[in-house]
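Novice:
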Amino acid sequence: MSIRLADLDIRWTGTDDTTPAGHVLVLAIDSAGLLRLCLYAGDAPTDDQFRGSLLIPPEGHKESFLPTRTTAYNAGGGWVTCFGTQDSMLAQLANPTT
5 MSIRLADLDI
15 RWTGTDDTTP
25 AGHVLVLAID
35 SAGLLRLCLY
45 AGDAPTDDQF
55 RGSLLIPPEG
65 HKESFLPTRT
75 TAYNAGGGWV
85 TCFGTQDSML
95 AQLANPTT
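Per our numbering: the sequence shown = residues 5 to 102.
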């Protein structure tokens with residue numbers, strides 16, 4: 005379940021103090037209308053460098069299929085974690101063996 009750049013409504017691309025070294029972030033709305041913070045290896049986002057994303061659910065939502073807190077998913081769409089800070093979730097996506 006890789007997220008293609010063409011399927012995103014991109015709001016911001018860049019780095020901040022939560023970005024793992026050697027990576028870039030893309031804040032976007034996905035094709036389901038959900039806010040995602042996507043992580044890509046390298047200096048610019050490309051589909052083949054997608055490392056995963058944080059799904060940021062709307063506050064107070066009632067949809068049973070959505071998580072209640074920010075949740076990290078790997079490049080294949082598998083659940084990684086919903087625990088820790090944004091920094092730690094992104095670090096897990098950047099270094100899946102740690």
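No residue lacks a Cβ here, since even glycine has one placed at the ideal position from N, Cα and C.
Using CA coordinates, which residue listed in Arg15, Gln96, Asp21, Cys86 is at the minimum distance from Thr75?
Specialist: Locating residue 75 in the sequence shown gives position 71, counting from the first residue. The shortest C-alpha separation from Thr75 is found at Cys86.
Novice: So if DSSP puts Asn78 in a beta bridge, which residue, or which two residues, is it bridged to?
Specialist: Your numbering for residue 78 matches position 74 in the sequence shown. Per DSSP, Gly56.
Novice: What is the C-beta distance between Ala45 and Arg55, in whole angstroms, given that I count them as a contact (C-beta under 8 angstroms)?
Specialist: Locating residue 45 in the sequence shown gives position 41, where the first residue counts as 1. Locating residue 55 in the sequence shown gives position 51, where the first residue counts as 1. Right, the Cβ-Cβ distance comes to about 6 angstroms (below 8 angstroms), so this counts as a contact.
Novice: Identify, in the order they occur along the chain, each residue of the same chain with its Cβ nearer than 7 angstroms to the Cβ of Asn78, setting aside the five sequence neighbours on each side.
Specialist: Working through the sequence shown from its first residue, we reach residue 78 at position 74. For Asn78, where only same-chain residues beyond five positions count, the Cβ hits under 7 angstroms are Gly56, Val84, Leu97, Pro100.
Novice: In its own chain, which residues sit with a C-beta less than 7 angstroms from the C-beta of Thr22, not counting the 5 before and 5 after it?
Specialist: By 1-based counting over the sequence shown, the position of residue 22 is 18. Only Gln90, Asp91, Leu94 meet the Cβ criterion.
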